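Mapping of the sequence shown onto the working numbering: position 98 corresponds to residue 101, and the numbering continues sequentially without gaps. For every residue, glycine included, the Cβ atom is placed at its ideal position computed from N, Cα and C. Predicted model, so just to flag it, every value in this text is computed and none were measured. What follows is a set of notes on a single structure, which appears directly below.
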Amino acid sequence: MIINALIIVFLLWFLYQRFAPVKGIQQIATTELKAKLKNKNNQFIDVRTPHEFRTKHIKGFRNIPLSELPAQTGQLSKDREVVVVCQSGMRSMKASKLLKKQGFTSITNVKGGMNTWR
Numbered sequence: 004m005i006i007n008a009l010i011i012v013f014l015l016w017f018l019y020q021r022f023a024p025v026k027g028i029q030q031i032a033t034t035e036l037k038a039k040l041k042n043k044n045n046q047f048i049d050v051r052t053p054h055e056f057r058t059k060h061i062k063g064f065r066n067i068p069l070s071e072l073p074a075q076t077g078q079l080s081k082d083r084e085v086v087v088v089c090q091s092g093m094r095s096m097k098a099s100k101l102l103k104k105q106g107f108t109s110i111t112n113v114k115g116g117m118n119t120w121r
């Protein structure tokens, strides 16, 4: 009985950690992204694979695959906003959390990613 309760508590904690909003990471829809694209001071990062990026991407976004992002954060300015997109919003959220841990303070994740881009 106690073991079952501990397992349930652990699963709930895990799900909360996985899906709870992270402080310091703004979430926007692709409709809001259109306004952000006008700000040339923002840094736009697409964390999909190079093949996905070549297939379809948003003008102004730079492709840095999620697997390469930890090694390439030095190419980004911590003083400017970073807008991150992927295919569905999951990889970009991982990237946003990684950037937050690296000391970036203004991070925006695009919910729904390229799946919702029109």
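Minimum Cα-Cα distance from Ile61 among the listed residues Cys89, Ile28, Leu102, Arg83 corresponds to Cys89.
Apart from sequence neighbours up to five positions away, the residues of its chain that approach Pro53 with a beta-carbon distance below 7 Å are Asn66, Pro68, ordered along the chain. Taking all protein chains shown into account, Asn112 has 16 or more neighbouring C-beta atoms within 10 Å of its C-beta and is therefore buried. Classified as exposed, Gly77 has fewer than 16 neighbouring CB atoms from the shown chains inside 10 Å of its CB.
Between Glu84 and Gly116, the alpha-carbon positions lie close to 18 Å from each other. In this structure, the CA atom of Gly27 is about 20 Å from the CA atom of Leu18. At a Cβ-Cβ threshold of 8 Å, Val50 and Leu72 count as neighbours.
For Ile5 and Ser99, the gap between their C-alpha atoms comes out near 36 Å.
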